[in-house]
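K.L.:
Please see the structure below; I have some questions.
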Amino acid sequence: MTPADLADAIVAAIGRAVADGDLDVTVPTTVTVERPKTPGHGDYASPVALQLAKAARRPPRAVAEVLAGRLVTERGIVGVDIAGPGFLNFTLAGDALGEIARTVVRAGEGYGQAAKPRDVRVNLEFVSANPTGPVTLASARWAAVGDALGRILTAAGYSVGTEYYVNDAGVQIERFGASVLAAAAGRKIPAEGYHGAYVAEIAAAVLAGRPELLDLPDDEARAVASAEGLALMLTEIRSTLEGFGVHFDRWASEQTLHTAGALTKAIDDLRTQGHVYDADGAVWLRTTDFGDDKDRPLVKSDGQPTYFCADAAYYRDKRGRGFDQLVYLLGADHHGYVARLKAISACFGDDPASNLDVIIGQLVTLSRGGTPVKMSKRAGTFLTLHDLVDAVGVDAARYSLVRSSLDSPVDLDLDLVTRQSSDNPVFYVQYAHARISSLLRNAEALGLPGASETADVALLTHPREVDLLRGLGEFPRVIEAAATLRGPHRVARYLEELAGVYHRFYDACRVLPQGDEQAGPLTGARLLLVAATRVVLSNGLGLLGVSAPERM
RNA sequence: GCCCCAGUAGCUCAGUGGAUAGAGCGACCGCCUCCUAAGCGGUAGGCCGCAGGUCCGAUUCCUGCCUGGGGCACCA
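Here the first sequence is numbered in the working numbering, starting from 3 and rising by one per residue.
Printed below as a string of structure tokens:
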């Protein structure tokens, strides 16, 4: 019996109590079940009686008694105690907890995933950095978090499409093209252009492919430099991200929206919905109808569409491709967009509360020896994702970017990031996995079955074994919470916790026979438990895009 | 001025209204004849920013204030 099973049983018990007239409340769809921190409070506890007491107009302990009587007969539950103001403390049958190990090993890679798919198509857009330079550390966080979130949402049963929006139109692209051309011609790069060393490399590559570049008329040369430079830059961005284990289902081009007339269609659509007006020679969207500070221009008085207009067109494009919920993962420097995106959603007639979810993550800051270092693509002063991966590897990089809450800024100290790699908690988790792998290899060498289906799990009664079983049982709920709350860091924190529980188990409980001992039933049960732990560590690390090594 | 985020152990940070608030790092003291010591045990370290409010119950929710970070455009 997992905690999720127990929660279901409690809901059912409330339902029966209401049907019998013993309780007068609306039956909740889900109830809180938690692992008591203190020993002596059973295997699991629920404060549900306290929560229902008010609605039921009965003292909490009376509600608890009504429920306890109906739950004590439940299969797998051997004891229900009422404690304190009305907590329900559950003691599970010895084998009910142990069965978790068998469940995990049977499910294998599928353990932790939602039992049935949800009928929700989620579009997840992240990174979407301007393709005018390499992927920076600022974007690296969104790459690691967004990719992990995509995997977690998929595991939680959502149908997910990941997307990178390529801003391949507009002024920045023109400046980038001008910079590439200047570098190719050996001229000084314009002040408002891009000054990173990579511009010269791109220029050399463009020149190699188009030797006639410098002989073309200036306009044409700039267009070629833009287009070819952009293509090279995008290839590099893609390969950096793929090398980081981050895959996008779609690379959406802004330019394509322009050429396909999507912006015009979006404006027409919004006009039909009644939220567009003309003023001062410009075309405006009345976003103030939906909580924005001021109305936003769709088309400037010079006839050029705004970036905001492209955003609206892109929103409409995604919805038109069948996505129910559009998730945007943005940095805190873009938080001003939230109100605008909500307004776009509402202006199209959608419900921003269900069709849109803008996640704001705090920024990554760089420092060296405690002194802040500025990141700027235009000035060319930044550390790239590529550099970070070279320095610490994909696993440590991804893990350290994903283990913090999005509400919390991440500071990477360039002096520490390379040196501290061995302090990274990712090794603590990976080490647990490697230790298990080694143990299972030794078991195999001894001719012992790795994870016997017939193991007597009722023998797993040592406190460290019980802790481990409880920890394994949490995994599905961790995925669920990480998906619902959009918090991939929860998976990382859970894995650290689980690894700690395993290390303590390993220290206290000998698994393999030593000397001339014979393998007994307990050996088989512990091997099953250990194998189950490896499954969860491996699945969890997989959700974060971090490898689960067999050896370290 | 308005908006967003944060303030929890020396440092970095977890904590979906529940019982005695946790982890890692750092400090100190211990543990390898044995399945990987990248591990384990122990000690020290807390007005959970401040003040009100809601609640049987608040680190968690609400209001105000203080401090720190970020953001305001017919830029992209």
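Backbone N, C-alpha and C fix where the C-beta goes; we use that ideal spot for every residue, glycine too.
Model, not experiment: these values are computed from the prediction.
(1) Using only alpha-carbon positions, find the residue among N169, L450 and D359 that is nearest to A254.
(2) On a CA-only basis, which of D271, D7 and Y316 is nearest E256? Give me that one, please.
(3) Using the Cβ count rule (16 or more neighbours within 10 Å means buried), how would you classify L448?
(4) DSSP three-state label for F325, please.
(5) Give me the residue from P49, T34 and E67 with the minimum Cα distance to L25.
(6) By the DSSP assignment, the beta strand (DSSP E) with D413 in it spans what residues?
(7) Answer with buried or exposed for M554, where buried requires no fewer than 16 other C-beta atoms within 10 angstroms of its C-beta.
(8) In three-state DSSP terms, what is A298?
(9) Using the beta-carbon count (16 or more within 10 Å), is A58 buried or exposed?
(10) So, helix, strand or coil for G163, using DSSP?
(11) Note down, one range per segment and in chain order, each beta strand (DSSP E) of at least 3 residues found wholly within the stretch 94 to 138.
(12) Going by DSSP, what residue range makes up the alpha helix (DSSP H) through A525?
(13) With hydrogens ignored, establish whether the beta-carbon of A398 is closer than 6 Å to any heavy atom of the ligand ZN.
(14) State yes or no: is the C-beta of L543 within less than 7 Å of the C-beta of A534?
(15) Which complete alpha helix (DSSP H) runs does the stretch 148 to 230 hold, if anything under 4 residues is left out?
(16) Inspect the beta-carbon positions of V360 and Y330 and report whether they are closer than 7 Å.
(17) Please list the terminal residues of the continuous beta strand (DSSP E) segment that includes G81.
(18) Hey, how far is the Cα of G42 from the Cα of S440?
(19) Sorted by chain position, which residues of the same chain lie with C-beta nearer than 6 Å to V74's C-beta, five sequence neighbours on each side aside?
(20) Please look up how many angstroms separate the CB atoms of D45 and T93, rounded, as I've assumed it's under 8 Å.
(21) In three-state terms, what does DSSP make of S1?
(22) Do you know whose CA, among G517, A345, G114 and V65, lies nearest V493's CA?
(23) Going by DSSP, which residues form a beta bridge with E36?
(24) Could you check which residue in P192, G211 and D417 has the C-alpha nearest to that of A567?
(25) Could you give the DSSP three-state label for R370: helix, strand or coil?
(26) Considering just the uninterrupted stretch of the alpha helix (DSSP H) at L265, what are its terminal residues?
(27) What separation, rounded to the nearest whole angstrom, lies between the Cα atoms of A6 and A55?
(28) For G148, which residues in the same chain have their Cβ closer than 6 Å to its Cβ, ignoring the five residues on either side in sequence?
(29) Taking the alpha carbon of T27 as the reference point, which residue from V13, G88, V35 and T40 has its own alpha carbon closest?
(30) For the alpha helix (DSSP H) containing D280, name the first residue and the last one.
(31) Quick check on the burial criterion: 16 or more other C-beta atoms within 10 angstroms. Buried or exposed for P465?
P.N.:
According to the structure data:
(1) For the residues N169, L450 and D359, the minimum Cα distance to A254 belongs to N169.
(2) With distances taken between CA atoms, E256 lies nearest to Y316 out of D271, D7 and Y316.
(3) exposed
(4) Shown here, F325 sits in coil according to DSSP, grouped into three states, outside any helix or strand.
(5) E67
(6) V412 to D415
(7) exposed
(8) In the sequence under discussion, the amino acid at residue 298 is Arg, which differs from the Ala named in the question. Strand at R298.
(9) buried
(10) strand
(11) 123 to 127
(12) A quick correction: the sequence has Thr, not Ala, at residue 525. Element bounds for T525: P523 to L545.
(13) The ligand content of the structure shown is nil, which means the ligand ZN is not present either.
(14) no
(15) For secondary structure counted as the alpha helix (DSSP H) over 4 or more consecutive residues, the stretch 148 to 230 holds these complete runs in sequence order: 173 to 187 and 199 to 211.
(16) It is a contact, given that the beta carbons lie within the stated cut-off.
(17) Per DSSP, G81 is one residue of the beta strand (DSSP E) stretching across I79 to A85.
(18) 35 Å
(19) V82
(20) 6 Å
(21) In the structure displayed, the chain extends from 3 to 554; residue 1 sits before or after that span and is not available.
(22) G114
(23) A47
(24) The question about residue 567 has no answer here: the residues shown for the chain are numbered 3 through 554.
(25) strand
(26) Membership of L265 in the alpha helix (DSSP H) is indicated by the continuous run A264 to T274.
(27) 22 Å
(28) F128 and L331
(29) What sits at residue 27 in the sequence shown is Val, not Thr. Ranked by Cα distance from V27, the first of V13, G88, V35 and T40 is V13.
(30) No alpha helix (DSSP H) holds D280; the beta strand (DSSP E) holding it covers V278 to A281.
(31) exposed
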